[in-house]
Amino acid sequence: MDVEGGIEMRPAQEDKGSREVCRHIQRSSYPRLVDMFKRRWRNLRIRWQNLMKFEPSQENACVRILHKVPGLRQSAKAGLHVLARAFWLLVFVLCVGIVFYIIREGIRRTMGHPLTVTFETEEINIGDAKFPQVGIGPYSGFKLSSVYDVLGKQRAVRIGVKVVANDGSAWSKNDVEGVMKVIDHGCDGGAIFANKNNVKISDNEHSSFAKTRELLETHVDNITNPGVQQRVIPFIKEGMIKCADTIKGCLLNGKSYNCSLLFKEHFSAWGSTCVFNGIPVKATRRYSTIQSELGGSTNEEIKMWVDADLDEDVANVNRKFDAKRPAIPWRQMAPGKLSGLTFAIKEELDRKACIHGEGTGFTLALNNPRDEVQVERFVVTLPYGREIDVTLYPEVLLAEKDAKDVAMNRRGWYLSDDKGEALLDFYKKYSRQNCLEECFAKAVYEKCKCAKVSSPGLPGRTLCSYDDLNLCVQEKEEQMHNQGLKLSCPKCLPNCRDIKYRTSVTSSRMTESRMNDYQAMGDSEFRISVVNVFFMVDSIHPTRRSARYSTFEEVGLVGGTVSMITGLTLLDIIEALVLIAVIAVAKYKVWNNLRTMGGPSFN
Numbered sequence: 395m396d397v398e399g400g401i402e403m404r405p406a407q408e409d410k411g412s413r414e415v416c417r418h419i420q421r422s423s424y425p426r427l428v429d430m431f432k433r434r435w436r437n438l439r440i441r442w443q444n445l446m447k448f449e450p451s452q453e454n455a456c457v458r459i460l461h462k463v464p465g466l467r468q469s470a471k472a473g474l475h476v477l478a479r480a481f482w483l484l485v486f487v488l489c490v491g492i493v494f495y496i497i498r499e500g501i502r503r504t505m506g507h508p509l510t511v512t513f514e515t516e517e518i519n520i521g522d523a524k525f526p527q528v529g530i531g532p533y534s535g536f537k538l539s540s541v542y543d544v545l546g547k548q549r550a551v552r553i554g555v556k557v558v559a560n561d562g563s564a565w566s567k568n569d570v571e572g573v574m575k576v577i578d579h580g581c582d583g584g585a586i587f588a589n590k591n592n593v594k595i596s597d598n599e600h601s602s603f604a605k606t607r608e609l610l611e612t613h614v615d616n617i618t619n620p621g622v623q624q625r626v627i628p629f630i631k632e633g634m635i636k637c638a639d640t641i642k643g644c645l646l647n648g649k650s651y652n653c654s655l656l657f658k659e660h661f662s663a664w665g666s667t668c669v670f671n672g673i674p675v676k677a678t679r680r681y682s683t684i685q686s687e688l689g690g691s692t693n694e695e696i697k698m699w700v701d702a703d704l705d706e707d708v709a710n711v712n713r714k715f716d717a718k719r720p721a722i723p724w725r726q727m728a729p730g731k732l733s734g735l736t737f738a739i740k741e742e743l744d745r746k747a748c749i750h751g752e753g754t755g756f757t758l759a760l761n762n763p764r765d766e767v768q769v770e771r772f773v774v775t776l777p778y779g780r781e782i783d784v785t786l787y788p789e790v791l792l793a794e795k796d797a798k799d800v801a802m803n804r805r806g807w808y809l810s811d812d813k814g815e816a817l818l819d820f821y822k823k824y825s826r827q828n829c830l831e832e833c834f835a836k837a838v839y840e841k842c843k844c845a846k847v848s849s850p851g852l853p854g855r856t857l858c859s860y861d862d863l864n865l866c867v868q869e870k871e872e873q874m875h876n877q878g879l880k881l882s883c884p885k886c887l888p889n890c891r892d893i894k895y896r897t898s899v900t901s902s903r904m905t906e907s908r909m910n911d912y913q914a915m916g917d918s919e920f921r922i923s924v925v926n927v928f929f930m931v932d933s934i935h936p937t938r939r940s941a942r943y944s945t946f947e948e949v950g951l952v953g954g955t956v957s958m959i960t961g962l963t964l965l966d967i968i969e970a971l972v973l974i975a976v977i978a979v980a981k982y983k984v985w986n987n988l989r990t991m992g993g994p995s996f997n
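Below, the structure written as structure tokens:
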């Protein structure tokens, strides 16, 4: 039989009644395996013995470098047993792991957030705190005579009568309905208590134009349109309450000013509003809309607000101001009532329209000068016939210059001139309030396909109808507020430098005879209130944002930990690097070339 693979096949013995079968006989491989194991074991013992006898040459380049590194120099000593060398190498590796863990935990616990907020040990003068923006909502949001006027124009154009504007141009049906829609946006009382409970206010002679179905048509916010530019905007401006007519006797730092110089007209969510020390819409928004054209600031004042540094920490005392007008933004340089803002506001007892409250008083809102006035949500209602003191206690948050060096995605706040995520589409400079306004405007326009006159946006946007205002817009805004501003607008981070105002309001009733003494301020019967807005304290303790650790302190943390655990110092590192450089130079025989040229020789 043939043999293959060490297996011999033979015919098996036949027993009675059996068949021929094959029997496999495999040659035994056990002796070969034993021989191979013995050879490998001998080789391993030889290698181990050679390893135990290993003695690195002290002239070796790597050994010379290891002698310069603490923790490794023990493993490179002459005459040391190899197990001892292994022990020191293991100790070095463990020390490196400990160093890494300590540094990582130190950074996580002490530098987890790159910034810290601390109280200043030194107080700052009250003049270093910006005076707040003061927004006044007068007795009504729009003139009743203008409401009657637009209703008359609507009836005339409906029957085909030609209505001529002051510039000689003719009113179109779309122009009249556009004016009515803008008035509805400023006179909408759907958010007040009475309207939510279906209570009609009897002394509010303005009734919404909602029943006019033509107002459901599309009207766009485009100031380049001739009808909007020549008829709609001039009519709305004429129908707004003039600040100089309702606010009288203005004093600033004890000096008398024309009230039209201090308080500027502004068309807000509640119609006519008077604003002192607040940035105009044209100065803060990127695009011109109907609302920006309704402001009362001059081009010179707008330029001054654009050039103003609203991020500066303290007042620039070296800056020259015009003696005829207050500084922009204005600061109260001394504490007390006599150094603040004082004015008288009068209530006309007739001609009321667009009432936005349950009482008979006026509204007052305080904001940061860099933000637009917020009269719809952040106001207090004050009565007529009183002397009112609004005392202010500022809370100032400053910031060091090194805080700006921290990456924006780590520091959790923005400066007004930051780019990237802080760059807004509708506003020129960043503030958290501007960011929230833009966030709400975008969300509303995305859902409702329309915008409010008072909200920021692009030119040519569609204005909402009355039904959209009280259904879609109101529902979306309430949903975002209920969800929380942080979740609704996650990109709207706080400002780096900021100031907030705690207020206290007290009042004293004025007698009828005293109010009669002020009748010379008006041309008809009215009631009056005298309002004083002022800082109550002469200095404040600010808080300051700064980098938690500077580069020097970070290097100290890392270097101190490494030196404490391993004994490695900066000089050791420099010495090792110098030695490596010298060996590299010698390796490539540069010194030999220098010697042939008469340079120094290397031993």
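Counting in our numbering, the sequence shown runs from 395 upward without gaps.
Ideal placement from N, C-alpha and C gives every residue a C-beta, glycine not left out.
All figures in this text were calculated on a predicted structure; none of them were measured in a lab.
Requested in this report: Go through its chain and collect everything with a Cβ distance to Asp-615's Cβ below 6 Å, but skip five positions before and after it.
Outcome: Answer for Asp-615: Thr-683, Ile-684, Arg-855, Leu-857, listed in chain order.
**Report entry** Leu-865 versus Lys-841: straight-line alpha-carbon distance, rounded
**Finding:** Put simply, the backbone Cα of Leu-865 is about 12 Å away from that of Lys-841.
Query raised in the report: Leaving out five residues before and five after Cys-844 in sequence, what residues of the same chain have Cβ atoms less than 7 Å from its Cβ?
Result: Contacts found: Thr-856, Leu-857, Cys-858, Asp-862.
Report task. Using a threshold of 8 Å, state whether the C-beta atoms of Ser-940 and Ala-797 are closer than that. Result -> Cβ atoms of Ser-940 and Ala-797: closer than 8 Å.
Query raised in the report: Taking buried to mean at least 16 other C-beta atoms within 10 Å of its own C-beta, is Glu-408 buried or exposed?
Result: Confidence at Glu-408 is low in this model, with a pLDDT of 49, below 50, so the placement of that residue should be treated as unreliable; the coordinate-derived value is given next. Its Cβ having fewer than 16 others within 10 Å, Glu-408 is exposed.
**Report entry** alpha helix (DSSP H) runs contained entirely in the stretch 846 to 921, provided each spans 4 or more residues
**Finding:** With a minimum length of 4 residues, the unbroken runs of alpha helix (DSSP H) contained wholly in the stretch 846 to 921 fall at 868 to 877, 879 to 882, 906 to 910.
Query raised in the report: Nearest to Ser-882 by alpha carbon, out of Asn-889, Glu-872, Cys-890, Gln-548?
Result: That would be Glu-872, whose Cα lies nearest to the Cα of Ser-882.
Requested in this report: Assuming Ser-665 contacts Phe-536 (C-beta within less than 8 Å), just tell me the rounded distance between them.
Outcome: A small fix is needed here, since residue 665 is Gly in this sequence, not Ser. About 5 Å; that satisfies the 8 Å criterion.
Query - Assigned secondary structure, Leu-704 (DSSP; H/G/I helix, E/B strand, else coil) - result: In the three-state scheme derived from DSSP, where H, G and I count as helix and E and B as strand, Leu-704 is classed as coil.
**Report entry** Sequence-distant residues of its chain with Cβ nearer than 6 Å to Gly-1003 (five each side left out)
**Finding:** The shown model of the chain, from 395 to 997, leaves out residue 1003, and the question about it has no answer.
Query - DSSP state of Glu-832 mapped onto helix, strand, coil - result: Glu-832 falls in the helix class under three-state DSSP.
**Report entry** Assigned secondary structure, Asn-803 (DSSP; H/G/I helix, E/B strand, else coil)
**Finding:** Note: Asn-803 maps to helix in three-state DSSP.
Query raised in the report: Leaving out the 5 sequence neighbours to the left and right, which residues in its chain are closer than 7 Å to Asn-710 when beta-carbon positions are compared?
Result: Any reading at Asn-710 must be qualified, since the residue scores a pLDDT of 46, below 50, and its modelled position is unreliable; the value itself is stated next. None.
**Report entry** Sequence-distant residues of its chain with Cβ nearer than 7 Å to Arg-780 (five each side left out)
**Finding:** Excluding five sequence positions before and after Arg-780, the CB atoms of its chain that fall closer than 7 Å to its own CB belong to Ser-901, Ser-902, Arg-903, Met-904, Ser-923, given in chain order.
Requested in this report: Output yes if chain D places a C-beta closer than 8 Å to the C-beta of Ile-440; else output no.
Outcome: The structure shown contains no chain D; it holds only a single protein chain.
Query raised in the report: What does DSSP give as the partner residues of Cys-644 in its beta bridges?
Result: According to DSSP, which records beta bridges pairwise, Cys-644 is partnered with Tyr-651.
Query raised in the report: According to DSSP, is Ile-497 helix, strand or coil?
Result: Reduced to three states, the DSSP call for Ile-497 is helix.
Query raised in the report: Does the beta-carbon of Glu-831 have 16 or more other beta-carbons within 10 angstroms, so that it is buried, or is it exposed?
Result: Label assigned to Glu-831: buried.
Query raised in the report: What does a CB cutoff of less than 7 Å around Val-931 pick up in its chain, not counting 5 residues either side in sequence?
Result: If we look at Val-931 and ignore the five residues flanking it on each side, its Cβ neighbours are Ile-520, Pro-729, Tyr-787.
Query raised in the report: In its own chain, which residues sit with a C-beta less than 6 Å from the C-beta of Val-669, not counting the 5 before and 5 after it?
Result: Answer for Val-669: Gly-529, Lys-658, His-660, Val-767, listed in chain order.
Query raised in the report: Who pairs with Ser-923 in a beta bridge, going by DSSP?
Result: Answer is Ile-739.
Report task. Measure the alpha-carbon distance for Ile-630 versus Val-800 and round it to whole angstroms. Result -> So the two alpha carbons sit approximately 47 Å from each other.
**Report entry** Cβ distance (whole Å) where Pro-532 is taken to contact Thr-640 below 8 Å
**Finding:** Contact holds; Cβ gap of about 5 Å.
Query raised in the report: Within the chosen definition, does the stretch 543 to 559 reach the stretch 567 to 576 through at least 3 CB pairs nearer than 8 Å?
Result: A contact exists between the stretch 543 to 559 and the stretch 567 to 576.
Query raised in the report: In this structure, does DSSP put Asp-783 in helix, strand or coil?
Result: Looking at Asp-783 - three-state DSSP - the assignment turns out to be strand.
Query raised in the report: Per DSSP, which one or two residues make a beta bridge with Val-790?
Result: Ile-893, per the DSSP bridge assignment.
Query raised in the report: So what does DSSP say about Glu-516, is it helix, strand or coil?
Result: The three-state secondary structure of Glu-516, taken from DSSP, is coil.
Query raised in the report: What three-state label does DSSP hand Glu-356 in the structure shown?
Result: A query on residue 356 cannot be resolved here, the shown segment of the chain reaching from 395 to 997 and no further.
Query raised in the report: So what's Ser-686 in DSSP terms, helix, strand or just coil?
Result: In the structure shown, Ser-686 sits in a helix (DSSP, three-state: H, G or I).
Query raised in the report: So who's on the other strand from Cys-668, going by DSSP bridges?
Result: Cys-668 has Ile-530, Glu-659 as its beta-bridge partners, per DSSP.
Query - Cutoff 6 Å; reference Arg-826; Cβ partners in own chain excluding five residues on either side - result: Its chain contains Cys-886, Pro-888, Asn-889 as the residues whose beta carbon lies nearer than 6 Å to that of Arg-826, once the 5 sequence neighbours on both sides are disregarded; these appear in chain order.
Query - Separation of Asp-811 from Gln-877, as counted between CA atoms - result: Taking the Cα positions, Gln-877 is about 29 Å away from Asp-811.
**Report entry** Any non-hydrogen atom of the ligand MG within 7 Å of Ile-617 CB
**Finding:** Looking at this structure, you won't find the ligand MG or any other ligand, since it has none at all.
Requested in this report: With DSSP collapsed to three states, give me the class of Thr-612.
Outcome: Taken through DSSP and simplified to helix, strand or coil, Thr-612 comes out as coil.
Report task. Within the same chain, show all residues whose beta-carbon is closer than 8 Å to that of Tyr-824, passing over the 5 residues directly before and after it, in chain order. Result -> Only Tyr-808, Leu-809, Ser-810, Asp-811, Asp-812, Ala-816, Leu-817, Leu-818, Asn-889 meet the Cβ criterion.
**Report entry** Sheet register partners of Ile-492 (DSSP bridge)
**Finding:** According to DSSP, Ile-492 bridges with nothing at all.
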